[in-house]
Amino acid sequence: MPLPKQKHTKSRRNRRRSHLALKVLALAKCPKCGQAILPHRACKNCGTYQGREVIDVLKKLTKREQKKRRKELQEQEEQAKTEKPLSAEEMSKK
Numbered sequence: 129m130p131l132p133k134q135k136h137t138k139s140r141r142n143r144r145r146s147h148l149a150l151k152v153l154a155l156a157k158c159p160k161c162g163q164a165i166l167p168h169r170a171c172k173n174c175g176t177y178q179g180r181e182v183i184d185v186l187k188k189l190t191k192r193e194q195k196k197r198r199k200e201l202q203e204q205e206e207q208a209k210t211e212k213p214l215s216a217e218e219m220s221k222k
């Protein structure tokens, strides 16, 4: 088993590890329900991708859960529609 001939310095170790930092995820909003999703992925909340339903999220639920879930989805869609875009002044305040 080979052994190192010299000690590696802290700066060399840290330079090697400089690319291991975590990166911030770029989240987007689902156009239908407003939930935060990863780009190029189907929404886990409503099951849509590019404006069409690709996953039936209500399929595995019981009838009572389906009714409750449909009501929640409708409320989320209404909230997403009522949100107004921020003006330049409002953006500068945040």
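In the numbering used here, the protein residues as written are 129 to 222. Even for Gly, the Cβ is constructed at its ideal location relative to N, Cα and C.
The straight-line gap separating the alpha-carbon atoms of His136 and Cys158 is approximately 48 Å.
Under the 8 Å Cβ criterion, the stretch 133-152 does not count as touching the stretch 189-201, having fewer than three qualifying pairs. In this structure, the alpha-carbon of Ile165 lies about 11 Å from that of Cys174. The secondary-structure analysis by DSSP pairs Thr176 across a beta bridge with Glu181. Relative to the Cα of Leu186, the nearest Cα in the group Arg180, Lys172, Gly179 and Tyr177 belongs to Lys172.
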